[in-house]
Amino acid sequence: MHKFSILDKNKKLEECTVYDFQNNWDKTSVSEAIKNSNDKLPPFVLSKIEIHPSGKCNQSCKICYGNRLAPKKRENLSARYINSLLRDIKKNMPKENPLIILSGLYSEPLTNPQIKEILGDIGKYRFRSGLYTNGLLLDDEIMDILLKNSLNMPHSPSFISFNVTSSLLSGDFERLVSIIKRLSGRRTSKTNLQINAPILIIKPNYGYIKKITTKLIIAGVDVIRLSIPWPQFTCERKQKGKISQNQDYQKIYDLIERLQKDFPDKIKVRHNQPCKSFKHCYVMAMTSAISSEGDIYPCPETCSPFFKHLSYGNIKKDKFSEVWHGIKHQEVFKILNSQNNCCKCCPVDAMFNEFCEKQEPI
951 MHKFSILDKN KKLEECTVYD FQNNWDKTSV SEAIKNSNDK LPPFVLSKIE
1001 IHPSGKCNQS CKICYGNRLA PKKRENLSAR YINSLLRDIK KNMPKENPLI
1051 ILSGLYSEPL TNPQIKEILG DIGKYRFRSG LYTNGLLLDD EIMDILLKNS
1101 LNMPHSPSFI SFNVTSSLLS GDFERLVSII KRLSGRRTSK TNLQINAPIL
1151 IIKPNYGYIK KITTKLIIAG VDVIRLSIPW PQFTCERKQK GKISQNQDYQ
1201 KIYDLIERLQ KDFPDKIKVR HNQPCKSFKH CYVMAMTSAI SSEGDIYPCP
1251 ETCSPFFKHL SYGNIKKDKF SEVWHGIKHQ EVFKILNSQN NCCKCCPVDA
1301 MFNEFCEKQE PI
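Here the sequence shown stands for residues 951 to 1312, numbered as in this note's numbering.
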């Protein structure tokens, strides 16, 4: 089966930040893949696997719904299962080279006691990697593993994204800044590790956010991504890129615009959208997510026991190479193909579904 890359190979991906990849979606490849799929999963190249190695967290943020929704029994995913997954992809899916992301859903990946072994295996199999973390458990040994892994990726950067909001809420921001500064100081010209800092802006206080942004940049952060809480978008309408009805949200948008002018080379913005209905979930044709229980899901937003019916395998007993685009995967694709289901995925995934629908045959 011919595989279609969704990325335009003519563009220099190494010049992009990890938040710019949607600018490289290739219309021709996507259009051909959808046209040839006959309403089945289009044969996109597997571009990303997000793994949640732990169901536990070292913080208890007020804005996190984890304490309310997380399973009572929280598991850690053993390094041996992740190792088998990576080995399986390299051996049985040699044309695929997915970005491997370690993250969590109401959990912190660094709480897994085998995290150093897991990170080491990602480098051993030469995968480009990403790590989403609150950063407070990041020690020098983990830093060195991340930097060593990034030596294998001369063109597109591996990255680490620090959840700044959780540290602001817990009073650990200054400690996080010192950790970021230490990591940045260990980078050399040969390493290709991008340091990112997503910030969820809850209150429209310009002076406060500017002060935080300045400290992060001085510490060595490459890109700061600003966003606002999602729930507002389920009931508000956007007008010319701005919220039209809620005064506080309008202030946040104005604040973001000011920060972009102050730091034009450092600030990226995640523009959220209301939940949308799509005829197909094309995201699951290029990405996958694996829970701390080992279950395989279409995407990070469904990677939860609450969506168990959308799981199409488990890496503890199934080879990923055998379930990817297999019968159960195809069945889940049909389940999610419904105009009646509102897409509650992240904004970028929603953008990709929208992009793909525009390429569908008329």
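Each residue gets a CB set at the ideal place from its N, CA and C atoms; glycine is no exception.
Asked	Found
Starting from G1135, trace the alpha helix (DSSP H) in both directions and tell me its first and last residue.	1123-1136
Please name the residue in I1095, Y1082, L1150, L1049 whose C-alpha comes closest to that of E1067.	I1095
Buried or exposed: D989, going by 16 or more other Cβ atoms within 10 Å of its Cβ?	exposed
Start and end of the beta strand (DSSP E) containing Q1321?	Since the displayed the chain opens at 951 and closes at 1312, residue 1321 lies outside it and no answer follows.
What does DSSP give as the partner residues of N1026 in its beta bridges?	S1004
From the DSSP output, read off the bridge partner residues of D1245.	N1264
What residue ranges within the region 1063-1107 form continuous alpha helix (DSSP H) runs of no fewer than 4 residues, ordered along the chain?	1065-1074, 1090-1100
Report the rounded CA-to-CA distance for I1245 versus I1277, giving the unit in angstroms.	The residue asked about is misnamed: residue 1245 is Asp in this sequence, not Ile. Roughly 16 angstroms separates the two Cα atoms.
Can you tell me whether T1138 is buried or exposed? The criterion is at least 16 other CB atoms within 10 Å of its CB, across all chains shown.	exposed
Indicate whether P1319 and S1177 have their beta-carbon atoms separated by less than 8 angstroms.	It is not possible to answer for residue 1319, since the shown part of the chain is limited to 951 through 1312.
I'd like the list of long-range same chain contacts for L1101, defined as Cβ closer than 7 angstroms, with 5 residues on each side in sequence excluded.	K1140, T1141
Who are the Cβ neighbours of N1146 in its own chain at under 8 angstroms, not counting the five residues just before and after it?	T967, V968, Y969, F1109, I1110, S1111, F1112, V1171, D1172, V1173, I1174, R1175
In whole angstroms, what is the alpha-carbon distance linking R1030 and T1164?	41 angstroms
In the DSSP output, which residue or residues are listed as bridge partners for R1175?	P1148, K1218
Does the distance from the C-beta atom of H1259 to that of L991 stay below 8 angstroms?	no
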